[in-house]
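To keep things clear, I will list the structure first and then write my remarks on it.
In the numbering used here, the protein residues as written are 67 to 260.
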């Protein structure tokens, strides 16, 4: 319980700090990247998969290359984590969370999720895409709600190698299309201005 409260308090602290500094939401029409990829950089297997597979499939292969923002490659060294996360999320059309059991327990994941939700509240732009490398958050109310509202924005790594080409095509489609277009039609009138 104290761990949960810590992140709530941390978020409130950063929110108040931004309020006092004169925070203004940036207009994201000038996006530099198509996708900001947030993942567990401390896990060498995940980092290798992101740099060797995900980056190659999205940036170098296919008919349209999708520029990615990657922490290990594109972040400015020495800049505070919250500033790098904020800029990466604001200057990217989508934020792709590569989820593993270890990553969902980190502060970076929680802070990234808060900031992506803040963009939804500030700009009414849903940028969240969840890529499940491992079956995580199976009992999470957030994941269930996300699957009901915008199920196509939750993609899972296939268990069979034969399904990988379909997975990559599906992921490319998901990151290209506005999430509001993919919302469940039953909920669309409640969550958009359309």
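Glycine included, each C-beta is placed from N, C-alpha and C at the ideal position.
How would you write the range of the beta strand (DSSP E) that residue 126 sits in, first residue to last? First-last for residue 126: undefined, no H or E at that position.
With 8 Å as the threshold, decide whether the Cβ of residue 166 is near any Cβ in chain C. The structure shown has no chain C; it contains just one protein chain.
Any contact between the stretch 98-105 and the stretch 134-142? By contact I mean 3 or more CB pairs, one from each, below 8 Å. yes
Just how far apart, CA to CA, sit residue 201 and residue 167? 8 Å
How big is the Cα-Cα spacing for residue 198 and residue 145? 29 Å
Which class does residue 142 belong to by DSSP, given the choice of helix, strand or coil? coil
Quick one: give me the first and last residue of the alpha helix (DSSP H) that residue 179 is part of. 173-189
Can you tell me which of the three DSSP states residue 158 falls into? strand
In whole angstroms, what separates the C-alpha of residue 125 from that of residue 206? 31 Å
Would you kindly work out how many angstroms separate the C-alpha atoms of residue 220 and residue 97, rounded to a whole number? 22 Å
First and last residue of the alpha helix (DSSP H) that includes residue 230? 230-242
Using 8 Å as the threshold, is the C-beta distance between residue 131 and residue 142 below it? no
In this structure, how does DSSP classify residue 149 when only helix, strand and coil are distinguished? helix
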